[in-house]
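First comes the structure, then the notes that go with it.
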Amino acid sequence: MELIPALEIGWLNGWILVCLLYLAYIILLIVFPKDVVERLYDKSSRSKRHKVVIYIGSFFAFIYFSLIIFTPLKTGSAVFIPGIILYILGLAGFVVALFNFKSASLDQPITSGLYRISRHLQQLMFFVTFIGICIAIGSWLALFIQIISSLFLHSRILAEESACLEQYGGSYRSYMNRVPRYFLFF
25 MELIPALEIG WLNGWILVCL LYLAYIILLI VFPKDVVERL YDKSSRSKRH KVVIYIGSFF
85 AFIYFSLIIF TPLKTGSAVF IPGIILYILG LAGFVVALFN FKSASLDQPI TSGLYRISRH
145 LQQLMFFVTF IGICIAIGSW LALFIQIISS LFLHSRILAE ESACLEQYGG SYRSYMNRVP
205 RYFLFF
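Residue 25 is where the sequence shown starts when you use this note's numbering, and the numbers rise one by one after that.
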C-alpha cells in the first residue's frame, strides 16, 4: 500500500471494479418492480441539513472515484487478493441485500435475510466493496477519502431511520433494539 498512488490511464485500473459494481446494480434496478425501486430511492425524509451533509459527502465521493478511476490495480502485489476478496464479499452481500429488500412487504420494515445482522446492509456492503477496491489499488489516500465519504453518509442513514420510525413505529423500534446499525455497532 502506498499513500499517494501513481495515476495513469489504463485498462487495469480501479474503474473496472466500479463499473462491475454499478452494472450489477443497474441490472437489478431494471428488473426489479417499479414500487421497489421507488421505495429504494425515497428521499422524502431528508431535511435540508441532511441534504447539505450528503452533498459534502458526495464531494468526497467524487474525489474518491476520480482517484480510483486513474489508479492501476496492484495485480502483482500482496494487497490485490485480499482487496478482491473484500470486493467480491461486498458485492455479493450488496446483491443479496437488494434481493432481501425486493422480497420485503411494503408495509413492514425489512428485517429478514441479511437484514438480521445490519439495519443498513446496502450501505455496509457498498462500504466493504469500496474498501476492497482501495486495497486492490493499494492506496491509503483512497482508503482515507472513502472513510471520510462514508462518515458523511451516516447523516443519510439517520434520516432513513427517522423515516422508518415514523412509518413503521414500534415494529421498527423493536428492530432497532435487536439489530445493530452497522453490523457490529449499534
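Don't be surprised by glycine CBs; every beta carbon is placed ideally from N, CA and C.
Here the structure is a predicted model, which means the values were calculated and not measured.
Beta-carbon gap between residue i and residue j smaller than 8 Å
i	j	result
S179	I112	no
T245	S163	Outside the shown range of the chain (25 to 210) lies residue 245, about which nothing can therefore be said.
I181	Q146	no
I87	I169	yes
I92	W39	yes
F207	I141	yes
K98	F89	no
M149	G193	no
Between the CA atoms of residue j and residue i - distance to the nearest angstrom
i	j	result
L64	L110	24 Å
M25	G34	19 Å
T135	N37	37 Å
Y211	P106	Residue 211 is absent from the structure shown; the chain starts at 25 and stops at 210.
R143	A160	27 Å
V42	K75	24 Å
I50	V119	11 Å
A121	A166	25 Å
I28	F83	19 Å
S127	A183	23 Å
F210	E32	Low confidence applies here, because F210 scores a pLDDT of 47, under 50, leaving its location unreliable and the question unanswered by this model.
G114	R205	17 Å
F125	P57	11 Å
C188	S195	10 Å
A85	I172	9 Å
S186	A30	42 Å
L44	I155	15 Å
E190	Y139	19 Å
R73	S101	42 Å
V61	L177	20 Å
V203	S129	19 Å
Start and end residues, alpha helix (DSSP H) containing residue i
i	result
R197	G194 to R202
L11	Since the first and last residues shown for the chain are 25 and 210, residue 11 lies out of range.
M25	Neither: M25 is in no alpha helix (DSSP H) and is coded neither H nor E.
D131	Per DSSP, D131 belongs to no alpha helix (DSSP H) and is neither H nor E.
R143	Run containing R143: none; DSSP gives neither H nor E here.
E62	K58 to L64
K75	K72 to I93
L52	W39 to V55
Residue i Cβ short of 7 Å to the ligand NAD heavy atom set
i	result
R140	Absence of the ligand NAD from the depicted structure is noted, as is the absence of any ligand whatsoever, leaving it without description.
Could you say if the stretch 123-142 and the stretch 195-206 meet the contact criterion of at least three C-beta pairs nearer than 8 Å? A contact between stretches requires three or more CB pairs, one per stretch, nearer than 8 Å, and the stretch 123-142 meets this requirement with the stretch 195-206.
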